[in-house]
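Numbering (my numbering), first residue to last: 1043 to 1150.
C-beta: ideal position from N, C-alpha, C; glycine also.
Here the structure is a predicted model, which means the values were calculated and not measured.
Please read the structure below before turning to the comments.
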């Protein structure tokens, strides 16, 4: 009988606390946050800052792949010169990247 009581007491003492079962889930959320969400948020912030600093004369690439020179910048729109007698109006948020000066032009 004493062995049964000792075995029952040992079994009850060996049970882990309930919060330990949540540790793997919390760990996966932390890994997901630091490997996927946080870097993506940082990229979006850098892109917003870059687009906000866009000025006349910058060469840009749109999300659709068009390469042009900024002629006019508005709060919402950007007017781009794509070539001789070709001007388009694009939404500012669709600008994919600003090409640094000294880069190779798209048509050369």
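Rounded to whole angstroms, what is the Cα-Cα separation between residue 1116 and residue 1093? 11 angstroms
Might you give, ordered along the chain, the residues of its own chain that have their beta carbon closer than 6 angstroms to the beta carbon of residue 1123, omitting 5 neighbours on each side? 1110, 1111, 1113 and 1129
So what does DSSP say about residue 1131, is it helix, strand or coil? strand
Does the beta-carbon of residue 1133 have 16 or more other beta-carbons within 10 angstroms, so that it is buried, or is it exposed? exposed
Same chain, Cβ closer than 7 angstroms to residue 1138, five either side skipped, listed in chain order: 1103, 1104 and 1105
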